[in-house]
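Single-structure report; data block below.
Number of protein chains: 2
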Amino acid sequence: MVRPDFKKAGGLIPVIAQDYKTGEVLMLAYMNDEAWEKTLETGKVHYYSRSRNKIWLKGESSGHVQLVKEILLDCDLDTVLIKVEQLGGAACHKGYRSCFYRRLENNELKIIGKKIFDPEVVYGKKA
Amino acid sequence: MVRPDFKKAGGLIPVIAQDYKTGEVLMLAYMNDEAWEKTLETGKVHYYSRSRNKIWLKGESSGHVQLVKEILLDCDLDTVLIKVEQLGGAACHKGYRSCFYRRLENNELKIIGKKIFDPEVVYGKKA
Numbered sequence: 228m229v230r231p232d233f234k235k236a237g238g239l240i241p242v243i244a245q246d247y248k249t250g251e252v253l254m255l256a257y258m259n260d261e262a263w264e265k266t267l268e269t270g271k272v273h274y275y276s277r278s279r280n281k282i283w284l285k286g287e288s289s290g291h292v293q294l295v296k297e298i299l300l301d302c303d304l305d306t307v308l309i310k311v312e313q314l315g316g317a318a319c320h321k322g323y324r325s326c327f328y329r330r331l332e333n334n335e336l337k338i339i340g341k342k343i344f345d346p347e348v349v350y351g352k353k354a
Numbered sequence: 228m229v230r231p232d233f234k235k236a237g238g239l240i241p242v243i244a245q246d247y248k249t250g251e252v253l254m255l256a257y258m259n260d261e262a263w264e265k266t267l268e269t270g271k272v273h274y275y276s277r278s279r280n281k282i283w284l285k286g287e288s289s290g291h292v293q294l295v296k297e298i299l300l301d302c303d304l305d306t307v308l309i310k311v312e313q314l315g316g317a318a319c320h321k322g323y324r325s326c327f328y329r330r331l332e333n334n335e336l337k338i339i340g341k342k343i344f345d346p347e348v349v350y351g352k353k354a
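From first to last, the protein sequence lines stand for chains A and B. Going by my numbering, the first residue of the first sequence is number 228, and it counts up by one from there. Going by my numbering, the first residue of the second sequence is number 228, and it counts up by one from there.
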């Protein structure tokens with residue numbers, strides 16, 4: 228059974244989600260073995276939330292689910308790259324297409340990403 | 228001073244290196260604050276090696292240095308995406324262009340990456 232080396236990594240491995248068409252890097256989050264299994268079973272990316280200590284179906288609140296198109300493993304089997312179709316057009320809980328929506332320029336962060344939705348509307352005021 | 232939140236992440240943050248022209252994800256490694264500083268100072272990507280417990284100029288053995296083209300920070304300031312020019316054409320110590328040279332297919336790993344160099348020639352027999 229091919230799987231990442233969760234033991235070596237202390238239980239959690241970083242997972243990069245990349246848009247399967249444009250190549251844009253959308254986000255990085257973590258998986259444990261259960262999130263990995265659920266992702267393979269359902270074809271929808273599941274992560275492990277380190278802050279909430281639980282498995283998390285990406286898009287369970289927002290509807291912005293990530294459909295698995297391709298899974299790549301790195302040379303050390305401790306990082307995963309998943310090419311996804313990002314439903315709803317936005318991966319970031321701040322409403323941007325990608326979590327990497329800010330560029331470092333002259334020691335400042337310049338917003339370069341495209342805002343797709345208003346987090347207050349999608350998640351309520353707490354977002 | 229804009230910088231990733233190294234404290235929140237326990238000292239090390241994951242860094243994704245992406246080819247600045249093709250969008251190919253080349254590798255993931257880690258930085259501590261010193262590696263971050265050296266990367267900004269030199270324009271060459273430095274990582275922190277968790278196995279060797281030291282700062283590491285990517286390409287110091289192989290010559291396959293990564294020149295910084297663009298630095299993006301994520302919404303939580305705990306992951307970095309660096310767009311790079313990959314000198315020598317290969318990021319992976321196994322000789323492939325990208326560390327993500329294997330695709331999961333029918334529960335097997337299929338090599339889909341392009342091999343650029345022979346690790347035995349570049350690093351000697353130990354690689």
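Where a beta carbon is used, it is the ideal one built from N, C-alpha and C, also for glycine.
Q: For A/Lys-310, collect the residues of the same chain with a Cβ closer than 6 Å to its Cβ; drop the 5 residues on either side in sequence, then sort them by chain order.
A: Gln-245, Tyr-247, Lys-296 and Glu-297
Q) First and last residue of the alpha helix (DSSP H) that includes B/Glu-332? A) Note, B/Glu-332: premise wrong, no alpha helix (DSSP H); beta strand (DSSP E) at 329 to 332.
(Q) For a test of the three-state rule: what should DSSP assign to B/Glu-251, helix, strand or coil? (A) coil
Q) At least one CB of chain A closer than 7 Å to the CB of B/Phe-243: is that the case? A) One point to set straight first is that residue 243 of chain B is Ile, not Phe, in the sequence displayed. Interface residue, yes.
Q.
Could you pull the DSSP bridge partners for B/Ile-282 from this structure?
A. B/Tyr-275
(Q) For a cutoff of 7 Å on Cβ pairs, would you count A/Gly-238 as touching chain B? (A) no
(Q) When you compare the CB of B/Asp-301 with every CB in chain A, is at least one pair closer than 7 Å? (A) yes
Q. Since A/Pro-346 sits in a beta bridge, which residues does DSSP pair it with?
A. Looking at the DSSP assignment, A/Pro-346 forms no beta bridge with any residue, so it has no partner.
Q) What is the residue span of the beta strand (DSSP E) that A/Leu-294 lies within? A) 293 to 300
**Q.** Run of the beta strand (DSSP E) containing A/Asp-260, from where it starts to where it stops
**A.** A/Asp-260 -> not in any beta strand (DSSP E); alpha helix (DSSP H) instead, spanning 260 to 269.
Q.
Closest to B/Glu-268 by C-alpha separation, out of B/Leu-294, B/Lys-321 and B/Gly-315, would be which residue?
A. B/Leu-294
Q: Using a Cβ-Cβ cut-off of 7 Å, state whether A/Arg-279 counts as contacting chain B.
A: no
Q. Tell me, which residues are paired with B/Val-311 by DSSP?
A. B/Asp-246 and B/Val-295
Q: Can you say whether A/Lys-341 is buried or exposed, counting buried as having 16 or more other CB atoms within 10 angstroms of its CB?
A: exposed
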